[in-house]
Amino acid sequence: MIKIRLARGGTKNKPFYRIVAIEESRKREGKPQDILGYWHPAKDTKKIDKKKLKFWIERGAKVTKAVEKLL
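Heads up, the sequence shown is in this note's numbering, so the first residue is 57 and it goes up one at a time.
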């Protein structure tokens, strides 16, 4: 099953998250199917590609609670 979730990047104490569509069984930083956007909590900036998000949801991808809060 595909999930839309956050993949952590950045350095220690300076996190940066990518919003990705990834197979549920893969690791958090594993290779994603698609990158849908990003969220930078320190700068409080986010960008989400709505077309890609809609594409994956139509194909049965589940959105995690953390990503739902960002939407």
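Built from N, CA and C at the ideal position, the CB exists for glycine as well.
Query	Result
Sheet register partners of K59 (DSSP bridge)	I78, K118
Simplified DSSP state of L92, which is helix, strand or coil	strand
Exposure of L109, with buried meaning 16 or more beta-carbon neighbours within 10 Å	buried
Under 9 Å between C-beta atoms of M57 and K121	no
H96 beta carbon less than 9 Å from that of F72	yes
Paired residues, beta bridge with P71 - DSSP	G66
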